[in-house]
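To keep things clear, I will list the structure first and then write my remarks on it.
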Amino acid sequence: MGASQKATTSIPPSSSSATPSRTVTILRSIVQNPWTLPYIALVTPLVRSFWNYMDWSNGGEVSLNLSHGLLILYFIISQYVRRYG
Numbered sequence: 010m011g012a013s014q015k016a017t018t019s020i021p022p023s024s025s026s027a028t029p030s031r032t033v034t035i036l037r038s039i040v041q042n043p044w045t046l047p048y049i050a051l052v053t054p055l056v057r058s059f060w061n062y063m064d065w066s067n068g069g070e071v072s073l074n075l076s077h078g079l080l081i082l083y084f085i086i087s088q089y090v091r092r093y094g
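All residue numbers for the sequence shown refer to the working numbering, where the first residue is 10 and numbers rise by one.
Below is the structure:
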């Protein structure tokens, strides 16, 4: 090999860049499911009812925080899928 020649190695294209990862595929199915947002809206009153049935305090606060947390998580997942999917 001469001084002007450089050794090059062939790097195959990454398979992860060509196809979405399994995580992105699963998260995409969650975001695209038409029942995801209604589920979030319906599960929080059930939590409040269960909380009141068990006679625990702060049932409304817990269900409201759960609802907000699930909506924030849904938004984060949708942004992740939009960027990496």
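Cβ atoms here follow ideal geometry from the backbone N, Cα and C, with glycine treated the same way. Just so you know, these numbers come straight off a predicted model, no measurement behind them.
Coil, strand or helix - residue i by DSSP
| i | result |
| --- | --- |
| Ser30 | coil |
| Gly94 | coil |
| Pro43 | coil |
| Trp65 | coil |
Residue nearest to residue i in terms of C-alpha spacing, selected from the options
| i | options | result |
| --- | --- | --- |
| Tyr83 | Tyr93, Val40, Thr53 and Leu55 | Val40 |
| Ala50 | Arg91, His77 and Ile85 | His77 |
| Leu46 | Leu80, Arg92 and Gly94 | Leu80 |
CB contact flag (residue i, residue j, <9 angstroms)
| i | j | result |
| --- | --- | --- |
| Leu55 | Val90 | no |
| Thr53 | Ser72 | yes |
Between the CA atoms of residue j and residue i - distance to the nearest angstrom
| i | j | result |
| --- | --- | --- |
| Asn61 | Glu70 | 12 angstroms |
| Ser87 | Thr32 | 13 angstroms |
8 angstroms CB neighbourhood of residue i in its chain, flanking five on each side removed
| i | result |
| --- | --- |
| Thr28 | none |
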